[in-house]
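Colleague: Just passing along the structure, written as structure tokens.
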Amino acid sequence: MTVSSRSDLAGMQRVGALVADTLDAMRRAVAPGVTTADLDDIAARVARRAGETAARHKGAVVFRELAGHGIGHALHEAPEVPNWPDPSARMLLVEGMVSALEPMLTRVPTRIVEERDGWTIRTASRAIAVHHEHTIMIRDGAPLVLTPTRAAAW
220 MTVSSRSDLA GMQRVGALVA DTLDAMRRAV APGVTTADLD DIAARVARRA GETAARHKGA
280 VVFRELAGHG IGHALHEAPE VPNWPDPSAR MLLVEGMVSA LEPMLTRVPT RIVEERDGWT
340 IRTASRAIAV HHEHTIMIRD GAPLVLTPTR AAAW
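Taking the numbering used here, the leading residue of the sequence shown gets 220, the next gets one more, and so forth.
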């Protein structure tokens, strides 16, 4: 990653903090009976607070090509968990369900492209993006974080 100025670095740090805040807010809300729309709204609210509108002024744009997802027999399966309000995302979370929460932002409007290897993705403009992810199991009480890191004392 090349950062050309202190303002670039400060901007990416703000975007990184916003993504981390979004993931934390989504994780805290996960419980049986919550819908994917509820999680979408939380992601949108956090983004609005620094907000997709306000975030654009701070240098953050929500990706709409990628979203969180369920994990089961396949790596990517239902339910899809977008990071923006999506009226079609109304799946109910139930105890035992496993899902990846994946908020991601970039500083400039761009789209996602897939490399020829069929796995690697990047921004079309090669702009820096921030992505935080946790795989969680929905359970009564607090969700079980299956991908903890030393930085995440959950």
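Ideal Cβ placement from N, Cα and C applies to all residues, glycine included.
Which residues does DSSP list as the beta-bridge partners of residue 340?
Modeller: Beta-bridge pairing links residue 340 to 333.
Colleague: Can you say whether residue 327 is buried or exposed, counting buried as having 16 or more other CB atoms within 10 angstroms of its CB?
Modeller: Flag for residue 327 reads exposed.
Colleague: When you compare the CB positions of residue 301 and residue 289, do they come within less than 9 Å of one another, or not?
Modeller: It is not a contact, given that the beta carbons lie outside the stated cut-off.
Colleague: For residue 323, write down the residues that DSSP places opposite it in a beta bridge.
Modeller: Residue 323 pairs with 350.
Colleague: Per DSSP, what kind of secondary structure is residue 317 in: helix, strand or coil?
Modeller: Strand, per DSSP.
Colleague: Going along the chain, which residues of its own chain have a beta-carbon closer than 6 Å to the beta-carbon of residue 235, five neighbours each way excluded?
Modeller: Excluding positions up to five away in sequence, the list reads 349.
Colleague: By Cβ distance below 6 Å, which residues in the same chain neighbour residue 255 in space, the five residues on each side in sequence not counted?
Modeller: Only 298, 300, 308 and 310 meet the Cβ criterion.
Colleague: Identify, in the order they occur along the chain, each residue of the same chain with its Cβ nearer than 6 Å to the Cβ of residue 286, setting aside the five sequence neighbours on each side.
Modeller: Excluding residues within five positions, the ones whose Cβ falls inside 6 Å are 299, 300 and 301.
Colleague: Which partner residues does residue 355 have in the DSSP bridge list?
Modeller: Answer is 318 and 364.
Colleague: Spatial neighbours of residue 259 within its chain, please: C-beta separation below 8 Å, excluding the five flanking residues on both sides.
Modeller: Only 300, 301, 302, 303, 304, 305 and 308 meet the Cβ criterion.
Colleague: Around the Cβ of residue 313, are there at least 16 other Cβ atoms within 10 angstroms (buried) or fewer (exposed)?
Modeller: Exposed, by the Cβ-count rule.
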